[in-house]
Amino acid sequence: MLFVIHAHLIRDQMAEDLKKNAQLPYPREWLEHVYAALNREIAKSQTRYPRHYWSFDFDPEYLWFDPSSIVVQLRREFGSNVSTLCAFYRYYYWRTWQRRPLPALEKVARQLSIYYFPGCPAYVPMKIWPLMDVYERAVPSLEVGEYREIAQSFPPFSDFIRRTKSLAQNAPVSEQPRLIRVALTALAFSYSSSVLLALILSAVIFWRRTRWQRLRWLAGLVLFGCAYNAAGCLEVAIANSLDVHRYITVQMYATLLTQSLAL
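In the numbering used here, the protein residues as written are 51 to 313.
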C-alpha cells in the first residue's frame with residue numbers, strides 16, 4: 051500500500067534517477083519499463099476515478115486493485131518471488147523519502163489539513179447520503195484473484211460479492227434530518243477553533259497550578275483526546291490517506307468526546 055499511496059512521488063523519483071543515470075540495484079531498461087507503466091497507470095486512474103482521492107491527482111486504489119494495473123503487472127513480472135517484489139517496494143519508498151523529503155512532508159501536511167481545516171470530516175452533514183458510490187469502489191477490491199478463489203470454495207463470500215455488485219447498481223439512499231445536519235455542521239466547523247482554545251486554556255491551567263488546580267484533570271483529558279486524534283491522523287497521513295473515510299470514522303467518538311470536553 052505504501053507504494054501506491056506514494057506512487058506520484060515514486061514516479062517522480064524514478065524519473066530523476068533515470069535522468070541522472072543513478073547507480074541502482076535494478077537494471078536501467080527494466081526501471082524505464084516500470085516507470086513508463088507506473089506513469090501510464092497513474093494517468094488512467096485520473097481518468098477513470100477523478101474524485102476518489104481528491105487530495106491526490108490519482109487513485110491509489112485503482113493502482114492496487116484493478117486487474118490490469120501496476121501492482122498486478124509487477125506481481126506478474128516477479129512471479130512467486132514475493133520477497134523480492136516487497137524489497138523493490140520498500141527500496142523505492144525509502145529512497146523517495148530520502149531523496150524527496152519536502153514533497154513527502156508536504157503530502158503529510160496536506161493529509162493532516164483534511165482533518166483540521168476547514169471542517170472536521172468526522173462529522174458528515176449530508177441531506178442525501180448516496181451509497182452506490184461506496185459499493186462501486188468496493189467492487190474492484192473484491193475482484194482480486196485471491197478473493198475469486200476464496201469465493202469459489204466459500205458460498206457465503208460469493209453471495210457477499212454478488213450482493214455488493216448488485217448494490218453498486220441500485221443501492222438505496224439515506225437521508226439525514228435537518229436538525230442533525232445543522233448540529234454536524236456546527237461541530238465540524240467549530241472543531242479546530244474549539245481545540246485550539248482548549249489547548250490555550252489547558253496551558254494556562256497547568257501554568258497557574260494553584261489557582262486552577264481543580265480543573266487540571268479536565269485539562270488533562272482534553273489534552274489526551276487531542277493527542278489521540280492527532281497521533282491517529284499523523285499515522286494515517288504518513289502511511290496512507292485521510293481521503294479514506296474509514297480512518298476518520300473510527301475517530302468520530304473520540305473527536306466528539308474531546309470537543310465536548312473542550313466546550
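Just so you know, even glycine gets a beta-carbon here, dropped at the ideal spot from N, CA and C.
For residue i, the three-state DSSP class (helix, strand or coil)
i	result
Glu193	coil
Pro75	coil
Ser105	coil
Ser310	helix
Ser240	helix
Ser130	coil
Pro180	strand
Val294	coil
Val223	strand
Ser119	coil
Trp144	helix
Gly169	coil
Asp100	It is Pro, not Asp, that sits at residue 100 in the sequence shown. Of the three classes helix, strand and coil, the one that applies to Pro100 here is coil, per DSSP.
Phe204	coil
Pro110	helix
Met302	helix
Inter-residue spacing [alpha-carbon to alpha-carbon] between residue i and residue j
i	j	result
Trp262	Cys276	20 Å
Arg126	Tyr112	17 Å
Leu152	Leu68	20 Å
Gln309	Ala154	30 Å
Ser119	Glu91	6 Å
Arg213	Leu192	12 Å
Leu88	Arg187	21 Å
Met100	Gln161	Note that residue 100 is Pro in the sequence shown here, rather than Met. Distance between the alpha carbons of Pro100 and Gln161 is about 18 Å.
Arg150	Arg140	15 Å
Val286	Val294	9 Å
Phe167	Gln202	45 Å
Val194	Ser95	17 Å
Glu199	Ser208	10 Å
Gln301	Glu79	45 Å
Leu246	Ser240	10 Å
Tyr185	Leu265	47 Å
Val232	Lys177	10 Å
Where residue i falls, given that 16 or more other Cβ within 10 Å makes a residue buried
i	result
Gln73	exposed
Asn279	buried
Glu66	exposed
Trp257	exposed
Thr305	buried
Gly270	exposed
Lys157	buried
Trp144	exposed
Trp104	exposed
Val254	exposed
Gln148	exposed
Trp114	buried
Phe53	buried
Same chain only: Cβ atoms within 6 Å of residue i, ignoring 5 sequence neighbours per side
i	result
Ile60	Tyr142, Thr146
Val132	none
Residue j beta carbon less than 8 Å from that of residue i
i	j	result
Pro175	Gln226	yes
Leu292	Ile164	yes
Ala159	Phe108	no
Ile55	Pro110	yes
Asn290	Met51	yes
Pro180	Val223	yes
Ala238	Gly169	yes
Ala137	Met182	no
Own chain residues within Cβ distance below 7 Å of residue i, not counting five before or after
i	result
Val272	Ala248, Ser252, Thr308, Leu311, Ala312
Leu268	Leu311
Phe128	Thr134, Leu135
Nonlocal neighbours in the same chain, by C-beta distance under 8 Å from residue i, ignoring five residues either side
i	result
Thr235	Gly169, Tyr173, Pro175
Ile230	Pro175
Val122	Asp116
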